[in-house]
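From first to last, the protein sequence lines stand for chains E, H, S and R. Each residue of the first sequence is one higher than the last, beginning at 17 in my numbering. Each residue of the second sequence is one higher than the last, beginning at 630 in my numbering. Each residue of the third sequence is one higher than the last, beginning at 107 in my numbering. Each residue of the fourth sequence is one higher than the last, beginning at 9 in my numbering. Backbone N, C-alpha and C define an ideal beta-carbon position, used for all residues, glycine too.
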Amino acid sequence: MTFWRRFARNLGAMAGLAILVLVALMAVLAPVIYPFSPWEMRGIPFMPPGEGGFLLGSDSLGRDVAAGIAHGALVSFLVGGVSTVAALVLGVTLGAVAGYGGGWVDDAIMRFTEFFQTIPSFVLAVVLVAIFTPSITSIVVAIAVVSWPPVTRVVRAEFLSLRSREFVQAAEVLGRGRIAIMVTEILPNALSPIIVLASLMVATAILLESSLSFLGLGDPNLMSWGFMIGSGRSVIRIAWWMSVFPGIAIFLTVLALNLVGEGLNDALNPRLAGRRGALPT
Amino acid sequence: MITASPLGRRTLLAGAAAAPTLMTLAEARAQGVQPRRGGVLNTIITPEPPLLVLGVNNQGPTLIVASKIYQGLLSVTPKLEPTPVLAKSWTRSEDGLTYTFALEQGVKWHDGRDFTAEDVVFSIMKFHMEVNPRARAILQRIDRAEAPDAHTVRFTLKAPFEPFLLIFDVTGCAIVPKHVYDGTDFRNNPANATPIGTGPFRFAEWQRGNFIRLVRNDSYWKPGQPYLDGITWRIVPDSQSRALALQTGQVQMTTSNDIEPFDVPRFQQQQNLEVRQDGWELFAPLSWIEINNRLDNLKDARFRRAMAHAVDRSFIAQRLWFGVGKPATSPIASATRFHDPSVQMPAFNPREAMALLDGMGLRPNAQGIRASFKMMQLPYGEVWNRLSEYLRQAMRQVGLEVTLESTDVAGWVRRLANWEYETTINFVYQWGDPTLGVERTYVTSNIQKVAFTNTAGYSNPEVDRLFEAARNAAAAEERRRLFSEVQKKLVEDIPLVWLMELSFPTIHDRRLRNVITTGTGVHKSFDDVFLAA
Amino acid sequence: MGAAKLLRFLAGRSVKAVIVVLAIIVFQFVLIRLAPGDPASVIAGQSGAADPLFMQQLRAQFGLDRPLHEQLLIYLRDMLSLDLGFSHRQQQPVVRLIAERLPATLLLTGTAFLFAVSGGVALGVMAARRVGRAADSAITVLALTFYATPIFWVGLLLVLVFSVWLEWLPSFGMHTVGAELGGLAYALDVARHLILPALTLGLFFLAIYARLARASMLEVADQDFVRTARAKGVPEGRIVRAHVLRNALLPVITFAGIQAGQLVGGSILVETVFAWPGIGRLAFDALLARDYATLLGVFFCTAVMVVVFNLVTDLLYAVVDPRVEVA
Amino acid sequence: MSAPILAVEGLTIGLPAGGDRANAVEDVSLAVRPGEIVCVVGESGSGKSMTAAAVMGLLPKGLPVRAGRVLFEGKDLLRLAPEAFRALRGARIGMVFQEPMTALNPLMRVGDQIAEAFRVHGERGDIRSRVLALLEDVRLPDPPSIVDAYPFRLSGGQRQRVMIAMALALGPSVLIADEPTTALDVTTQMQILRLIRNLQERRGTGVLFITHDFGVVAEIADRVAVMQHGRVVEQGEAGRVLNAPGHPYTRALIAAVPHGRARPAEVLSPEPVLEVRNLGKSFRRGGGLFRRGSPVLAVSDASFALAKGETLGVVGESGSGKSTLARCVVRLIEPERGEIAFHGTDLRPLGRAAMRPFRARIQMVFQDPYASLNPRRRVGDIIAEGPITHGMPRAEAVARARELLSLVQLDPGAMDRFPHEFSGGQRQRIGIARALALEPELLIADEPVSALDVSVQAQILDLLDGIRRRLRLTMLFITHDLRVAAQVCDRIAVMQRGRIVEMGETARVFGAPEHPYTRELLDAIPGKAWTPPLQAA
């Protein structure tokens, strides 16, 4: 059963993929549908959805909420994607070295990871962004710094179990170098949990970015969904749509990423999926 | 946006939009409204002040609450003319060097001790000189201070200083008890937790994060006053909750930053409430785009003039501040003395702006961008974020690309003080007189690496000379002529793009009378305020 | 688990805990110093006037004029006597400030945690027992929904629906402003205020526990000893209760330990939306005001909370699983 | 012959679509009479376990019963209401499974799990004493301490005894045992087989015994049913089927059983290739943050020599250290003490770089065909990897790989395919090809055939023997199956708890064992009294 057929069997995953494609399309087509900067003041402020030429209403400065959501999609994907890649590179390297290296190296790295996980990740992110003054780079760095520990834990567990597998020992007996063994023998077999984790991390990163923007720590030059919700918060009584619609956009994107993540998980390790054993009902 | 804005820096003042309906005691009686004794005024303070001893702390909320506990020698009318408080009367010597104050008799401190001239000399020459940077700038001009008898104080200046009296309001120099502070570390004196003044209300209780309660000072030196039994300030961090509390009558008055601008229209329609913008004449905060005059483009007056033409100040007043406050016309606010209405800064005229930029050779590129610069956002709440977002769009219309930089209070002050910015938004109090509040922003001598000085780095010897002359001129008419000259010069150089004469709504229950009768609005002692039936 | 072994375990773990907490404090101490500006510039900013003397006096007052390492040593020394320094912003000792605000956060995170664990595990078990059927997919979708929505947005929606439109519940604060209530009335008032924030924080974690419990139940259901039990003729209901559930709880307990810190992180957002007077909000304001003492005090508190929570979950795990050597 | 207490008639169980055949089990009929042990024997995938599961009503969801009846005490179990069937399970029919280590609930005391069998079927009264009696019955040492112990404190054998106690608690008339001893050591296996035989005789229980090992069949079966691809190809009295198999498949299976006849020693030259002296290795077990765990001696003071062309067999039960010894020689594990002299050079102190040249000359074949090949790489790359690492140009290495494939009787087309496309036997051949790619002088084989079906086992052993002769290889052969060792090795070393207790010519060790442990091992070979009939050609 090919990977794609197993993935397609999971309806949720297909729904998630559909939503993701839609959102990606929105991000790409934003400059076409709304050929103006989302910051532009297009009309009368606080217009309810559907009135004054605003599909989803206007905000406190008469800016188009719909345009904001469309342009905001790219920001979310950018932040989510780049920070996840950064966290993965760091997490996988540390996890691999800890898992394969073993001994005191493993202890040192694990103590370091645990240390990081004792500090609440959101608190650390807020402090980091406040220190390096809010901008797209400081946000991506902050998110990456707080999201690598779980990757290290997963990758270390994978490397630990694979290290004792016989095909790895065979490679040792063949006299292959330690790095060659880690990269060509172990890593390819540790990819599936990493891929699943990656999709979930993009989702968490988007949530984190929106939370930071909500607290006013977003990049002031980027119209992000979190920023829109934050700026709509205090006027929620007179303009509920300013906060509700961007929230829906975040919800759909993050939901889609989670569904795709689950789909990947089923498709990549069928052994687990196949074992949907019947629980004594 | 930083949700609960860490209070509008210092109290902000509205220009005298509506003529102040001055309800003197007589008029109140005449309209058959007898001042009624009794009742507790519930109001709000945002955010919670760190402590209530004026001088040691001069933040906005402290000024509002502590001005009921302490008193100054004088206060000011909405026209900024001095009025008697602890000083019954005062005389100025012919040569303008010596001021003699006759103090009220029989005034008692809240702890029962007698108020004497010694307290005044100590407060002015020792206490405020040590802890109060703004007062210090003026008090350093005093050569000698004497207390010939228990109820007379005489100050002799080094040189004549016409606006000298304006510093003696309670918000400038509150008179503090010498027997409590003399010889102690003013900042860490344990008595700071229980402030002792001469004012109409005594400190009763303070539950941090909850409320501050003052009660009537029964031995207050004005007979029969104060009318209110007490005043309670509630601490409500969430802006929507404050609006709800006012709407439901849980509180009878809100001031300063309690209510967000976009909520004000809603309360203007509410019958049982009155919305006042006056009462800030002494402070007269003026907001502007601060421009670092040292950098390319920004050091060219034509570029700054083009920036000024690009800004629609009435849009800002209507759309961002919802009519609270009014567009600025000159570096000296309309409520401040010697404001010259004939001086008009560049009007909103995008075409003129583009013409100026063309004149400078700054042609628009493929994306229509002529030049670009950075703007540091002012971290004082949502309305300021909206302002910088509006300015970015306004500048973009004329081909100037603005990149916003976000900071928090500490970061903003450090970068402003160290000149590490291209442009930012700023506002400063004028304290009633151009010499007290305006000069410091424009004179070359005050270019320092400290916040709220001439951080823009503007330097014009002619302007320096005019400010110098006006500072030392004895006669008010002479100063008026000089200040008109300065305003014309500054509008021509346009070192900063002035935006708004800020105002703050005071919203109170119609039954509450005599709330705003002076040039300091809600910062008066409230001894004559009463709750009509 | 013998008392002696328990004591030895606690001793070992508390030494480790102290080291971790100290490491965190030193790390945070240096980290927040990197933030531009300092308390003096905040006060200067807010009082609208300053001159070099004023700034210098303030810095001396906060002890900022001394070299960094000296400040750190002073702070650590004071910490030993539980003196966490003085908050210039709130003008009171940090210990008292935190003592005032901590109960609110404990109440919020505690309620949210209990709600999330009990609700989540219940839903997870129910979904696992009806795997593939309507109830299962409904619960899975519900869990995914709450897992995918940003906490603060859920909070805003709840405020919009329940307090702005329906006006059933208060939308902010921990008690009604101005109402001087006593005893039970006070408790009820706080409870009414607690519903929306606890729900907001709880729903997100409920979703996590539901998914975890479901996956864990299905995993255990495939184990050999379940087949053995069935071969013994044990009825299905008893199999779930006596065999599957207990084994399925082990990963839930481990996860609860690890993500204790995230609960506190989440409380910052909830306390901001609902103006809940907790230490999450306190930390955020302290950060903006560069009130280092208060900020460090809160970090110290959260670090201790997380470490203690991990200790409790490890103990709980050792109680449930005899194989675990309490070493 | 009394009437059967359990009769399976025409049982057919369907496979989900896409399987390699229509039904898992096709028209199976067999019967179990009281006091009789019926063995069902067949290779993996033959459907023997499926049949047992069907009788017990434990078929997984995706495998429907298409036809047939299972008659037990006058009822057709396949048509019985679930609740009624449940009442039977554990009371009238008991079952024991293959994996003892995971068959007990780790979080429940052993005594409680046995007591549950009583309580669930409505038994009341002093259950604890009945449990203690049962533990006594299955010959568990010190029942009072075991009853309150948690499963992880018990060994595999002990846990299997608890399982048997649980299954026989309510005196069922039929006991189904699905490969109960496959996961156990030889000696423990023998004890369990004798226990089942003993209990069965005393209680007159009918036993349906599933196995793949003809030795076990010879040891305990009264009747035998041989299954292939889901069908019963032959059935009858044990002696008749074993010694005069009728069906060709049965004959082939029996022929593949290692006959255990010692092979004459063939030594090419006395000059030692490998000399191991006083080898010692210990592991740390347990140990927390502050204290080191108690050391466990895996290998202590092992010494032996290996002459050119000779095959030394190292036999012993799991935990005896035989595998650790092999891994120390090839430096997968670092021993603390002793010398490993290869042509005179001691390999032990060599660093990673210094060891590389010797790597090419010592290679290893592993046990688990499904774990010894990297699933993500093509077979060609796997085999060519060794030579490429040692500097051989890629093209030449690939050509070498193609040759080796034919050497191990696989078609060269396999080069570009992935491991998951091959059977267990084929994968083991690829493993051997990989080991031979570097033309090693010494080959370490760590249980190379233990994970394979009997028929495939025989083919691999023949292949190894052929290669050994042709390439003049010296081999160190690790196994727990003495019959395989006898057939393959020139000399045998017997290990017990990390020590070599006996070493000598295969014929001498098998014929006149000196050490008591060796005797116990030999005695524990199931069906040793039966010598399989020699297959012509």
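Contact with chain E by E124 of chain R, beta-carbon distance below 8 Å
no
Buried or exposed for S1017 of chain H, please, with buried defined as at least 16 other CB atoms from any protein chain shown within 10 angstroms of its CB.
buried
Specify, as a first and last residue, the run of the beta strand (DSSP E) that Y728 of chain H falls within.
727-732
Looking at the C-beta of D427 of chain S, does it have a partner C-beta in chain R at a distance below 8 Å?
yes
I want to know whether the segment 762-782 of chain H touches the segment 1024-1042 of chain H - three or more CB-CB distances under 8 Å.
no
Alpha carbon to alpha carbon, how far is T59 of chain R from V167 of chain E? Give it in angstroms, no decimals.
45 Å
Which runs of the beta strand (DSSP E) fall wholly inside the segment 178-253 of chain R and span at least 3 residues, in chain order?
182-186, 214-219, 231-236, 239-245
Starting from the C-beta of L1125 of chain H, find all residues in its chain whose C-beta is less than 7 Å away, skip the five residues before and the five after it, and write them out in chain order.
W917, I918, E919, I920, A1085
Is E710 of chain H buried or exposed, if buried means 16 or more other CB atoms sit within 10 Å of its CB?
exposed
Ignore the nearest five residues each way along the sequence and tell me which others in P894 of chain H's own chain have a CB closer than 7 Å to its CB.
The beta carbon of P894 of chain H sits closer than 7 Å to those of F951, all from its chain and outside the five residues before and after it, given in chain order.
Which whole-angstrom value is the C-beta distance of V200 of chain S and L186 of chain S, which I expect to be below 8 Å?
Not confirmed; about 15 Å, so no contact.
Can you tell me which of the three DSSP states I21 of chain R falls into?
strand
Pick helix, strand or coil for D858 of chain H, following the three-state DSSP scheme.
coil
I'd like to know whether the C-beta of H398 of chain R is nearer than 8 Å to at least one C-beta of chain E.
yes
Would a check of beta-carbon distances place W1013 of chain H closer than 8 Å to chain S?
no
Determine the chain S residues that contact G98 of chain R at a beta-carbon separation under 8 Å, and present them in chain order.
A337, K338, G339, V340
Pull out every residue of the segment 1037-1060 of chain H whose Cβ sits closer than 7 Å to any Cβ of chain E, in chain order.
Of all residues in the segment 1037-1060 of chain H, D1037, G1040 have a Cβ within less than 7 Å of some Cβ in chain E.
Counting contacts by CB-CB distance shorter than 8 Å, is T110 of chain R in contact with chain S?
yes
Could you tell me the distance, in whole angstroms, from the CA atom of G234 of chain E to the CA atom of Q1006 of chain H?
13 Å
Below 7 Å between beta carbons is the criterion; list the residues of the segment 813-844 of chain H that meet it against any residue of chain S, in chain order.
So the list reads R816, R837, G838, given in the order they occur along the chain.
Quick check: what's the CA-CA separation for N1083 of chain H versus S250 of chain E?
35 Å
What residue from H:M974, H:L949, H:S1113, H:L1095 has the CA that sits closest to F62 of chain E's CA?
H:L949
For chain H, is any of its Cβ atoms less than 8 Å away from the one on G373 of chain S?
The residue you asked about is not Gly; residue 373 of chain S is Ser in the sequence shown. Closer than 8 Å: no.
Beta-carbon separation (whole angstroms), T189 of chain R vs V323 of chain R, contact threshold 8 Å
Not quite, the Cβ-Cβ distance comes to about 18 Å (not below 8 Å), so this is no contact.
Based on the DSSP secondary-structure assignment, which residues constitute the bridge partners of T353 of chain R?
R:F350
Straight-line CA distance for P690 of chain H to M30 of chain E?
57 Å
Against chain E, with Cβ distances strictly below 8 Å, would I631 of chain H count as a contact?
Low per-residue confidence applies at I631 of chain H: pLDDT is 32, beneath 50, and the placement is therefore not dependable, though the value from the model is reported in the following sentence. So, interface residue.
Determine, for R364 of chain R, whether the minimum Cβ-Cβ distance to residues of chain E falls below 8 Å.
yes
Give me the Cα-Cα distance between E279 of chain R and F350 of chain R, rounded to the nearest whole angstrom.
Between E279 of chain R and F350 of chain R, the C-alpha separation is close to 11 Å.
With H, G and I counted as helix, E and B as strand and the rest as coil, what does DSSP make of V669 of chain H?
strand
Alpha-carbon spacing of D242 of chain S relative to P357 of chain R, whole angstroms:
D242 of chain S and P357 of chain R: Cα-Cα distance of roughly 60 Å.
Taking the CB atoms as reference points, tell me whether A114 of chain E and V121 of chain E lie closer together than 8 Å.
Yes, the pair counts as a contact, with Cβ atoms nearer than the cut-off.
At which residues does the alpha helix (DSSP H) containing V98 of chain E begin and terminate?
81-112
Given a threshold of 16 other Cβ atoms within 10 Å of its Cβ, counted over all protein chains shown, does Y378 of chain R qualify as buried or as exposed?
exposed
DSSP state of P894 of chain H mapped onto helix, strand, coil
Three-state result, P894 of chain H: helix.
Strictly by DSSP, which residues pair up with P956 of chain H?
H:M1129
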